[in-house]
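Visitor:
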Amino acid sequence: MVPFFFASHWSLSVLFQSLFQHRYAAHRMFTAGPRTERALHLSTALIQGSSYLDPRAYAILHREHHAYADTERDPHSPVHQKNPLRMMLHTARRYAGLLTGRIASEPRFLGGYPEWPAVDRVFNQWPTRIAFGALYTLFYKRFATRPWHWALLPMHFVMGPVHGAIVNWCGHRYGYRNFASRDASRNTLPVDVLCMGELFQNNHHARPASPDFAAKRFELDPTWQVMRLLARLKLIRIEQAPQGRQATRTQLGSRENSGGALAASPSL
Ligand SMILES: [Zn+2]
Ligand SMILES: [Zn+2]
Numbered sequence: 001m002v003p004f005f006f007a008s009h010w011s012l013s014v015l016f017q018s019l020f021q022h023r024y025a026a027h028r029m030f031t032a033g034p035r036t037e038r039a040l041h042l043s044t045a046l047i048q049g050s051s052y053l054d055p056r057a058y059a060i061l062h063r064e065h066h067a068y069a070d071t072e073r074d075p076h077s078p079v080h081q082k083n084p085l086r087m088m089l090h091t092a093r094r095y096a097g098l099l100t101g102r103i104a105s106e107p108r109f110l111g112g113y114p115e116w117p118a119v120d121r122v123f124n125q126w127p128t129r130i131a132f133g134a135l136y137t138l139f140y141k142r143f144a145t146r147p148w149h150w151a152l153l154p155m156h157f158v159m160g161p162v163h164g165a166i167v168n169w170c171g172h173r174y175g176y177r178n179f180a181s182r183d184a185s186r187n188t189l190p191v192d193v194l195c196m197g198e199l200f201q202n203n204h205h206a207r208p209a210s211p212d213f214a215a216k217r218f219e220l221d222p223t224w225q226v227m228r229l230l231a232r233l234k235l236i237r238i239e240q241a242p243q244g245r246q247a248t249r250t251q252l253g254s255r256e257n258s259g260g261a262l263a264a265s266p267s268l
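37 is the number that UniProt numbering gives to position 37 of the sequence shown; each next residue is one higher, with no gaps.
1. Using the Cβ count rule (16 or more neighbours within 10 Å means buried), how would you classify THR31?
2. Is SER181 near ligand 2, in the sense that its beta carbon is under 7 Å from a heavy atom of that ligand?
3. ASN203 to ARG142, Cα distance in whole Å?
4. Mind checking TYR174: buried by the 16 CB within 10 Å criterion, or exposed?
5. Can PRO211 be considered in contact with ligand 1, in the sense that its beta carbon sits closer than 7 Å to one or more heavy atoms?
6. Which stretch, first to last residue, makes up the alpha helix (DSSP H) that contains ARG63?
7. Whose C-alpha, out of TRP224, ARG63, HIS156, VAL191, is nearest the C-alpha of LEU110?
8. VAL158: which of HIS22, GLN201, ALA92, MET227 sits nearest, CA to CA?
9. Please list, in chain order, all residues of the same chain as SER50 whose beta carbon is under 6 Å from its beta carbon, the five residues on each side excluded.
10. Using C-beta distances below 8 Å, list every residue in its chain close to LEU12, excluding the 5 sequence neighbours before and after it, in chain order.
11. In whole angstroms, what separates the C-alpha of ALA214 from that of MET155?
12. Quick one: Cα of THR145 to Cα of GLN240, how far?
13. PHE179: buried (16+ other C-beta within 10 angstroms of its C-beta) or exposed?
14. Which partner residues of PHE200 appear in the DSSP bridge assignment?
15. I'd like to confirm something about GLN201: is its beta-carbon nearer than 7 Å to some heavy atom of ligand 2, or not?
16. Of the residues LEU230, ARG217, SER181, VAL193, which one's Cα is nearest the Cα of ARG207?
17. Just reading off the beta strand (DSSP E) that ALA180 is part of, what are its end residues?
18. Tell me whether GLY101 is buried or exposed, calling it buried when 16 or more other Cβ atoms sit within 10 Å of its Cβ.
Pasting the structure below:
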């Protein structure tokens, strides 16, 4: 039961991060009616629980990442950080500053993200985060049958930042490149079931407006498949057709690090 719970929490948490915070809040790759948007917002908060990521702060941070990818102004780049832990701490400080308003964003990164003050206030509070942590612990207390099960428990508390660290560290350090972008982005896995498509960083940086992060025939982006299903059910509307899988380096090489990263945001 514990491995199943861990795998489910991991997969759903990163799926909703990719779908809601990344592709919807930061990039506006799809639109949704007010009720669907609220349902997505609340589902994300409940699934991510103790490590819920505020969509506004996430969107601003992520737009900064695209605009300054792997330069000194990138909020999380393995090129400028010694190890993943330092990168996480650096990112966490900037995220917290944007969340509280202590750090002001460039105006061009503002707007176009969903805001639900009541939910964001409740789920960004420490008592809520601790309450979710207590629920995870109670689940383990009831169902853990092997000592090693307990080693998985701390991951539930920090699931969101851990996914961010894996994507931002590995996706700009390990793997292959389909496109000659100026940043250090890589595609870490050709079938990314580990982070639901987020590890196609090279494809995504080269084609930031494409809702399908896979670019080659052998690649699979699970979150894109979920988006297709939601669109077929008429719950969301995909605003941009995915760029084809036959694109070549010369077609796309000139788009890297351009404003295209933010083209899907209505405010930019
Ligand atoms: Zn992005
Ligand atoms: Zn990146």
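Note that beta-carbon positions come from the ideal geometry of N, C-alpha and C, so glycine has one too. Everything numeric in this text was worked out from a predicted model, so none of it was measured.
Guide: Considering the structure as presented:
1. exposed
2. no
3. 43 Å
4. exposed
5. no
6. 55-67
7. ARG63
8. ALA92
9. ARG129, PHE132, GLY133, PHE157
10. ILE47
11. 28 Å
12. 47 Å
13. buried
14. ASN187
15. yes
16. SER181
17. Neither: ALA180 is in no beta strand (DSSP E) and is coded neither H nor E.
18. exposed
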